[in-house]
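Colleague: One point on numbering: in my numbering, the residue at position 61 of the sequence shown is 66, and numbering is uninterrupted.
Cβ coordinates follow ideal geometry from the N, Cα and C atoms, glycine included.
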Amino acid sequence: MSQAHRRMSFDRAVAYYDQTRWLPEPAQRRITDLLAEELRPRGRTLEVGVGTGRIVLPLHEAGVTLVGLDVSRGMMGRLVEKGGGRAPFSLVQGYALRLPFGDHTFAAAYAAHVLHLIPH
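1. Over the uninterrupted beta strand (DSSP E) stretch that includes Val61, give me the two end residues.
2. May I have the straight-line CA-CA distance separating His10 from Arg91, to the nearest angstrom?
3. Identify whether Val69 lies in helix, strand or coil by the three-state DSSP scheme.
4. What is the DSSP secondary structure of Leu104, reduced to helix, strand or coil?
5. Give me, in chain order, the residues of the same chain whose beta-carbon lies closer than 7 Å to that of Ala114; leave out the 5 immediate sequence neighbours on both sides.
6. Closer than 6 Å by C-beta to Met81: which residues in its own chain qualify, once you throw out the five before and the five after it? Chain order, please.
7. Is Val14 helix, strand or coil when you go by DSSP?
8. Could you compute how far the alpha carbon of Gly73 sits from the alpha carbon of Val55?
9. Return the bridge partner residues of Val76 from the DSSP annotation.
10. Name the two residues that bound the continuous alpha helix (DSSP H) containing Ala20.
11. Going along the chain, which residues of its own chain have a beta-carbon closer than 8 Å to the beta-carbon of Ile36, five neighbours each way excluded?
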């Protein structure tokens, strides 16, 4: 599947994506707390596959310094809507296998719901 095809596929999923990846509030809060505790002291963190912000927005609110990367402009557009109409941190359109960042740009990185989409 080409990068353009992946982007188009996720752009079509924007309207229902969050309903397919939700967690009960106590579980979501626990994940946010654990990740924030680990990532906050490390510094600038990259989320690969930032999508609609399901994970990154609560982490941002918890004080983690973040940058989001996604192949889909539509998904990041939803993140901006959820963030009150503007991106609360830098968002970059890009592909996980060709990260547009130099070495040592981030102190940490994570990905969720991404690895199964990468061939090999």
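Modeller: According to the structure shown:
1. Here Val61 belongs to no beta strand (DSSP E); instead the alpha helix (DSSP H) covers Val61 to Glu66.
2. Caution applies to His10, whose pLDDT of 45 falls short of 50 and renders its modelled position unreliable; the model cannot decide the point.
3. coil
4. coil
5. Thr50, Leu51 and Val53
6. Asp75 and Leu96
7. Per the sequence shown, residue 14 should be read as Ser rather than Val. Looking at Ser14 - three-state DSSP - the assignment turns out to be helix.
8. 5 Å
9. BP columns for Val76 are empty, so no partner.
10. Segment: none, Ala20 is in no alpha helix (DSSP H) and carries neither H nor E.
11. Leu28 and Ile60
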